[in-house]
Structures are given as C-alpha cells and as structure tokens.
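The next block holds one structure in the form of structure tokens; read it before the comments.
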Ligand code: GDP
Ligand code: IMO
Ligand code: MG
C-alpha cells in the first residue's frame, strides 16, 4: 500500500502521461489534483495515440479508479467530450470508474473569453497561455466568485449567482474589447452539464482516505511542471496552480503523511511552450533537431515547443521543492545519434556563479548556463532491456544526472509506446 506522486520537474510535457500509464499497472487509483485541460498527456498503446486533458492517465487500465480532485479546474464541455470519446472507443468511464470532486471549480465560458481577450490585448506582455480559461477560473475560486461543480446541480441557486457574476464579467469583457456573453445560453448549457456530471460527483477526500486504509496503491498524476508553479515557477510566465507535489494533498483533501513517495519526471532535454525565460534554449539547428526528433509540438495547442539542453539547475531545485525521492528519465532515445550532448550544471551572471535561481524572470533570462559536455551514442535504445545494455555514452549521462541530483533513477523511458521503458525500481514498493 502506498501513495506515489508523479510531478514534472521542468516546464511540463516531460512525459508524465506515459510514465503514469506504465506505473498504473500497479495502481488502484490514479488521481489528478491540479490544473485543468491546459494539460495534454499522451499515451501510446498498441500504436494508437491517446491525448488526455482531464481524465487521469490510468483510464486505459481496467482495474483502476480515476479521480479528479478538488484542486482541478474542470471545463465540463471538455470533460464530457472526453468521457464520450472514451466510451466510443469501448473504454468504461462510468461513475464507478471516474470519481469527480464536488468541490472542483468550473471553467465557465467567460473564463475562456477573458483568457483569450487578455492575451490578445497584452501584445508584448503575453504569457502564451493555452487560452483554456485556467487562470481566470482559479482567480474566481480565490476571489470566492467561482462555481464548484456541485453548484451546477442546484439550478435555482446557480441561476441567481450566475446573474450577478456574469454582469461583472461582461463589464470586464467589454473593457477588453471582447463580446459580452448571453446569460440564458450559459445557464441552459451548464444546468445540462450539471445533470450529466451529477452522478460522478462525490467526496473524493473520503474515497481516497478509505482506499488508503484498505491498502490500495494511489498514484497522483501531476500536470504542468515545477517551473510553471504559481509560487515557485518563472512568474508571471507560469500557470495558475501549484504544480509541486505538496499540492497533491490540498488538491484532494488528504494530509501530507498520506504521501509515501514522490517521483520526478525528467525529460532528457528541456522544452517549454509559451513565453518566459529559458536559459538553455537552443535557437539553432540543435534545437530544431530536438523538436523534430522528439515530436515537440504541444499536445493541447499544437504549438511548436521551444527546445534546449537538460538544465540540472532547474531539476535539482525541483527535487527540493517537491521532496523528490527518485526520478524517471524520459525521451532518452531522442538523443541517440548526437556526437555530443550538453548538460547545464550552473548559472553565471557577470562571471559570478549563482547559488539559486533568480526570482525576477528578467534576471533568469540573462544568466549564462555553465555546461558539462558528454560523448553521445549512436545506438537505437528502443529494444534495450536493462541498464547494462545501454550504450556507454548513455550510461555516463545518466550516472552524472543521478550524482548531481542526489536521487536515484527508477525508470528510463526509451520511446512513446507503453512497452518502451526500463524499470530499475518499482516506486510502489520503494
Ligand atoms: P506530459 O504532458 O508530461 O504527459 O507529456 P506530453 O504527452 O505532452 O509530451 C510527451 C511526448 O513525448 C508525447 O508525445 C509522448 O508520446 C512522447 N514520449 C513520452 N515518453 C517518450 C519517450 O521515452 N521517447 C519518445 N521518443 N517519446 C516519448
Ligand atoms: P502538461 O500537463 C506545457 C503553459 C502554457 C503557458 C503557461 C500558462 O501537458 O505538462 P495556462 O493556460 O496554464 O494559463 O498557461 O503554462 N502550460 C503548459 N506547458 N505543458 C502543460 O501541461 C502546460 N499547461 C500550461 O503554455 O506558457
Ligand atoms: Mg503535455
């Protein structure tokens, strides 16, 4: 019995979905605790690609229960669409398979409209959001103007509150040169969503508490990555939730003692979508090589991802911020064929080594990365079955990462398919 939290250690898209799908073989529950459909988690099973935005990546395993915690912001239209799509593929996603917190907040049409209108008006100060309404929804939650999903199931209450809230939103939309939204349309649609989702809504905290006491294995599936965290990321170029492992507790309603282990997902190089500082970014052919070879195009928005060398300064900070006990390295196969590979092991400003990551984004944007260079390898890694079988260059690269971070590698992912991985140690038994 244990609870493992999986978190991204970079700027998202580390391959969390793939790792969660693999580890779910041993999990009874797979739980999303923050973020919303800004996430795009890709699973490749029997050559078929699935991209999940809200439903946890454990859904393809028959024995698992999927959970959406109170810390998630839910766009009901997207969630219902995802459920229906999965059902069409013959995947069971009824209320016994998917538990959704009654307290999770609802992404409303004006959240999406505000997100888009702000990005359009921001010109040079754009964040490069996914325009899914994530930030405005979390804002309303904190401002106590949001709608918990359960509120959609009380039409009279919903109607009265929506009238007041929408008046203010339409005023702001007008200021942002966007069209105001129609009350009746929203009301009617969202009451229908409430009817659809009602049987899925439950007390997630209680369900997970009981599961833990029954000796079940629980896997928490982080979305985004450490440096998109609202507090610890490259603010303001971040998302609007805490992405670090500690939020797994708040995001479902359990105490910190319930977490047994934290697995950090580390992509073998770095990517970022949207704006913001990125010290190891490669704007040359090498960056293009990583993007093409790694298929680095957003799973949610299709935007090309910015690419660069692995930044261990970031990852080591992520180890501290989330209490990471072990890591999974993903996309190691993408580096095959390179003559040499670089790893960032420090930052300098004006010739002076920095002790920690500057909190002002413009300062982080101006640091000079300090690199260690490694000899590459040519071999294809997809059929490698043990650490010993890896090419020497790959072994040296991985050993250095382990030593620098001070945490062991439990898993190495060598391709997008479910089968492409080496499990050095099973996290649930750790
Ligand atoms: P997530 O948001 O962290 O779940 O990651 P995404 O799904 O957005 O992006 C990861 C991409 O890399 C997806 O296209 C995966 O199919 C793919 N992927 C995951 N692990 C590996 C791997 O080890 N090798 C390769 N080549 N692709 C991988
Ligand atoms: P997964 O879970 C990568 C980025 C956006 C933007 C910033 C804020 O697939 O790793 P938001 O819409 O959240 O307000 O956008 O955060 N972003 C992600 N980047 N992977 C994600 O999720 C992301 N979710 C949000 O590109 O820079
Ligand atoms: Mg993604």
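Residue numbers (our numbering): 637 to 1066.
Note that CB positions come from ideal geometry on N, CA and C, so glycine has one too.
Any heavy atom of the ligand NAD inside 7 angstroms of the beta-carbon of residue i?
i           : result
residue 706 : Looking for the ligand NAD in the displayed structure turns up nothing; the ligands present are the ligand GDP, the ligand IMO and the ligand MG.
Quick check: the Cα distance between residue i and residue j, rounded to an integer number of angstroms?
i            : j            : result
residue 929  : residue 997  : 29 angstroms
residue 845  : residue 805  : 38 angstroms
residue 679  : residue 1059 : 17 angstroms
residue 987  : residue 1004 : 9 angstroms
residue 746  : residue 937  : 19 angstroms
residue 895  : residue 826  : 35 angstroms
residue 944  : residue 787  : 44 angstroms
residue 733  : residue 831  : 18 angstroms
residue 698  : residue 919  : 43 angstroms
residue 730  : residue 836  : 8 angstroms
residue 676  : residue 687  : 6 angstroms
residue 909  : residue 898  : 25 angstroms
residue 1012 : residue 1019 : 18 angstroms
residue 868  : residue 951  : 13 angstroms
residue 833  : residue 840  : 14 angstroms
residue 1025 : residue 789  : 56 angstroms
residue 809  : residue 818  : 12 angstroms
residue 992  : residue 725  : 48 angstroms
residue 774  : residue 780  : 10 angstroms
residue 978  : residue 911  : 23 angstroms
residue 812  : residue 903  : 38 angstroms
residue 692  : residue 674  : 13 angstroms
Checking the sheet assignment: what are the DSSP bridge partners for residue i?
i            : result
residue 903  : 966
residue 669  : Paired residues: none, contrary to the question.
residue 978  : 1009
residue 747  : Bridge partners of residue 747: none, in fact.
residue 687  : 678
residue 985  : 988
residue 702  : 666 and 734
residue 1058 : 1048
residue 741  : 709 and 784
residue 796  : Answer is none; residue 796 lacks a bridge partner.
Roughly how far, in whole angstroms, is the beta-carbon of residue i from the beta-carbon of residue j, given that I think they are within contact range, below 8 angstroms?
i            : j           : result
residue 875  : residue 671 : 7 angstroms
residue 907  : residue 969 : Not quite, the Cβ-Cβ distance comes to about 15 angstroms (not below 8 angstroms), so this is no contact.
residue 665  : residue 884 : At roughly 12 angstroms, the Cβ-Cβ gap does not stay under 8 angstroms, so residue 665 and residue 884 are not in contact.
residue 750  : residue 772 : 4 angstroms
residue 656  : residue 855 : 6 angstroms
residue 1008 : residue 861 : Going by Cβ atoms, the distance from residue 1008 to residue 861 rounds to 23 angstroms, so no, they are not a contact pair.
Residue ranges of each beta strand (DSSP E) within the stretch 902–948, 3 or longer: You should have 906–908 and 942–944.
Jot down the residue ranges of each uninterrupted alpha helix (DSSP H) in the stretch 987–1015, minimum 4 residues, whole runs only, in chain order. 997–1000
What residues sit near the ligand MG, counting only those whose C-beta is closer than 5 angstroms to one of its heavy atoms, in chain order? Of all residues, those with a beta-carbon under 5 angstroms from at least one heavy atom of the ligand MG are 649, 676 and 935, reported in chain order.
Complete runs of the beta strand (DSSP E) confined to the stretch 799–862 [at least 3 residues]: 854–857
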